[in-house]
Amino acid sequence: MEIEWTEDLETGIGIVDDQHRELFGRIRHFFAAADRRDPDVTLQTVDYLAEYVIEHFNAEEAIMIKHSYEGFPAHRDQHSGFIKNIYRVKQTIVFEGLSDELIQKLRCDLIDWLVNHIQVSDKQLADIQQKEVSRYKW
Amino acid sequence: MEIKKVEFTEELQTGIPFIDHQHEQLIDRMNMFLDAVEAHDEEFVEDTVEYLLQYTLYHFKSEENIMLRHLYEGFEMHRDQHSVFIKRMFKMKLQIENEGVTPEVTQSLKDELLDWLINHIIAQDKKLSAIEMEV
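Chains as they are written, first to last, in the working numbering: chain A, 1 to 138; chain B, 139 to 273.
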């Protein structure tokens with residue numbers, strides 16, 4: 001299963017869509033390294049992915065907070081779940097190494113989750129744009 | 139009701155320079171928010187709660203980054219604590235927008251935000267110095 005960017009993943013919020021595309025790129029990077037079964041390089045790509053996941057989720061949460069988006073708490077919880085998953089992935093690679101089963105599981109866990117999250121949760125963020133603009137000016 | 143301002147004392151220092159710097163910033167913004175509450179200036183209150191919220195989010199992210207990078211054992215629990223706090227602060231923001239600064243909001247500010255933050259720094263953030271020592 002490859003991770004491909006498709007139009008139905010667009011939220012309409014420029015910065016969010018740009019960051020999603022970058023995220024997909026970093027996930028591809030991770031799987032390319034994992035396929036070569038080099039634990040050290042793979043761990044570097046996990047870190048590269050993890051730090052961007054944190055930045056990106058933070059950017060989305062900042063937008064949600066700024067606009068008093070009521071879905072923020074639930075959305076934050078979803079982000080937490082994924083971040084913890086990445087943490088556990090890193091732990092597994094460090095302590096148990098890479099295996100075919102792990103990589104296969106990750107293709108589903110990471111890619112499926114992200115695509116679904118974007119289509120279901122992040123797309124709702126487009127509603128923020130349409131509501132009355134917050135009076136907080138940045 | 140008067141709320142005592144928070145002072146960035148030695149007790150609150152983690153020994154990790156960038157974290158201590160951010161904690162100091164956070165406490166400054168908390169105190170600014172307190173000033174706004176005491177002045178009963180609604181617009182100032184709304185502006186400072188936003189300013190505080192955004193900085194808290196940024197600060198928590200910075201801590202989580204190093205915890206994740208170093209596979210810090212307490213990461214998941216620490217992340218959960220951050221989430222509890224951010225959600226509480228967000229709820230307070232919504233309350234202020236809908237109801238203004240009520241006595242209930244002021245009490246929550248003291249109990250749920252200020253006290254929580256101080257305890258969190260002392261009980262959780264200080265443990266992060268263990269990460270720096272390993273590096």
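Cβ atoms here follow ideal geometry from the backbone N, Cα and C, with glycine treated the same way.
Exercise for the section: Pull up the distance between the alpha-carbon of Ser121/A and that of Phe228/B, whole angstroms please. Expected result: In the first sequence, residue 121/A corresponds to position 121, counting from 1. In the second sequence, residue 228/B corresponds to position 90, counting from 1. Approximately 19 angstroms, taken between the alpha carbons.
Problem - Run of the alpha helix (DSSP H) containing Trp113/A, from where it starts to where it stops - result: Start at 1 with the first residue of the first sequence, and residue 113/A comes out as number 113. Counting along the chain, the alpha helix (DSSP H) containing Trp113/A begins and ends at 113-120.
Problem - Ser246/B: first and last residue of the uninterrupted alpha helix (DSSP H) it sits in - result: Start at 1 with the first residue of the second sequence, and residue 246/B comes out as number 108. That run of the alpha helix (DSSP H) goes 241-246.
Problem - Cβ of Ala33/A within 8 angstroms of any chain B Cβ - result: Walking along the first sequence from the start, residue 33/A turns up at place 33. It does not; no Cβ of chain B falls within 8 angstroms.
Practice task
Taking Val13/A and Ile111/A to be in contact with their CB atoms under 8 angstroms, please state how far apart those CB atoms are, rounded to whole angstroms.
Solution key: Taking the first sequence and counting its residues from 1, one reaches residue 13/A at position 13. Taking the first sequence and counting its residues from 1, one reaches residue 111/A at position 111. For the sequence presented, residue 13/A should be read as Ile rather than Val. Incorrect: roughly 22 angstroms between the Cβ atoms, too far for contact.
Exercise for the section: Kindly list, in the order they appear in chain B, the residues whose Cβ is closer than 7 angstroms to that of Ile83/A. Expected result: The residue given as residue 83/A occupies position 83 in the first sequence. Here the neighbours are Arg217.
Practice task
Pull up the distance between the alpha-carbon of Leu43/A and that of Phe57/A, whole angstroms please.
Solution key: By 1-based counting over the first sequence, the position of residue 43/A is 43. By 1-based counting over the first sequence, the position of residue 57/A is 57. Those two C-alpha atoms are separated by around 21 angstroms.
Practice task
Have a look at Val133/A and Ile234/B and give me their C-alpha separation to the nearest angstrom.
Solution key: Taking the first sequence and counting its residues from 1, the one referred to as residue 133/A is at position 133. Taking the second sequence and counting its residues from 1, the one referred to as residue 234/B is at position 96. Confidence at Val133/A is low in this model, with a pLDDT of 44, below 50, so its placement is unreliable and the value that follows should be read with caution. Taking the straight line joining both Cα atoms gives about 18 angstroms.
Exercise for the section: Kindly indicate which three-state DSSP category Asp127/A falls into: helix, strand or coil? Expected result: Counting from 1 along the first sequence, the entry for residue 127/A is found at position 127. Note: Asp127/A maps to helix in three-state DSSP.
Practice task
With 8 angstroms as the threshold, decide whether the Cβ of Phe213/B is near any Cβ in chain A.
Solution key: What you label residue 213/B is simply residue 75 of the second sequence in a count that begins at 1. Judged by the 8 angstroms Cβ criterion, Phe213/B is in contact with chain A.
Handout entry: Rounded separation between Ile65/A and Ser99/A - CA only
Key = Within the first sequence, residue 65/A is the residue found at index 65, counting from 1. Within the first sequence, residue 99/A is the residue found at index 99, counting from 1. About 40 angstroms.
Handout entry: Completely contained alpha helix (DSSP H) runs for the stretch 143-195 of chain B, where each covers 4 or more residues
Key = 155-176
Practice task
Below 8 angstroms CB to CB, which residues in the same chain sit around His117/A once its five sequence neighbours on both sides are set aside?
Solution key: Within the first sequence, residue 117/A is the residue found at index 117, counting from 1. Taken in chain order, the residues that qualify are Gln78, Phe82.
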